[in-house]
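Report on the following structure.
Chains as they are written, first to last, in the working numbering: chain A, 21 to 137; chain B, 3 to 112.
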């Protein structure tokens, strides 16, 4: 199974600043996904990051606010720009990896807990 | 669009059995997954059903009825450590990520 690490694990930021979250996977994967989970809520997909192409954003999320990089098959970054308190959330990186036991299982990183003051 | 419905909260007694239901409305349905998430933790995979029927993995089982657009997660011999949020998630055809339900918070009491 894929092992995913995220940096930072948590941060407290001031309004108007930006934070870049890093996601590293221990194996090459085609697609990486970024989710947001607000306190007590479900996971909401922000975007899909493919290596070598622009990220695909879900409705309600735009590239200017959440720019994403995917320089290779094991790494991606998500930037939360011009932050406001409403951006306080857990940000999760996820990858899909099939196996002969579990078809298309999606693995999640440990998450980045962001608090915006 | 896609929608999934599951109960928001369930409480059960240690040692008992609990069933968490999930109904979905989607286009291009491929399979149904279940994830467990403890407070402060990341979601972890529990089960996946692409075909009708029951899949059993230890104390956890998952069921799918494609014709009814319905599935459930069955937890047996409940333990205190099973207290967590449980999410059903739909896998759609193509290279698409999971779409998650709102989650069910399970509280196991003594």
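Here a beta-carbon is modelled for each residue, glycine too, at the ideal position from N, C-alpha and C.
Beta-bridge analysis with DSSP links residue 22 of chain B to B:75.
Residue 52 of chain A sits in a strand when the DSSP states are folded into three classes.
Going by DSSP, residue 33 of chain B is part of the beta strand (DSSP E) stretching over 31-39. In this structure residue 16 of chain B is in contact with residue 112 of chain B, their Cβ atoms being roughly 5 angstroms apart against a cut-off of 8 angstroms.
Under DSSP, residue 101 of chain B forms a beta bridge with B:92. The beta carbon of residue 89 of chain B sits closer than 8 angstroms to some beta carbon of chain A.
Shown here for residue 13 of chain B: same chain residues with a beta carbon closer than 7 angstroms to its own, the five before and five after excluded, namely 109, 111 in chain order.
For residue 92 of chain B against residue 4 of chain B, the beta-carbon gap comes to about 6 angstroms, under 8 angstroms, which counts as contact. Of all residues in the segment 70-95 of chain B, only 89, 93 come within less than 7 angstroms of chain A when Cβ atoms are compared, listed by chain position. Nearest in C-alpha terms to residue 23 of chain A, of all of A:134, A:135, A:130, A:137, is A:130.
When DSSP states are grouped into helix, strand and coil, residue 85 of chain A belongs to the coil group. Each residue's CA atom was taken as its position, placing residue 47 of chain B and residue 77 of chain A some 24 angstroms apart. Under a criterion of Cβ atoms nearer than 8 angstroms, the residues of chain A adjacent to residue 44 of chain B are, in order, 112, 128, 129, 130, 131. DSSP, read as helix, strand or coil, puts residue 107 of chain A in helix.
Residues of the segment 96-107 of chain B with a C-beta less than 9 angstroms from any C-beta of chain A: 97, 98, 99, 100, 101, 102, 103, 104, 105, 107, listed in chain order. The residue among A:38, A:127, A:103 with its C-alpha nearest the C-alpha of residue 112 of chain A is A:127.
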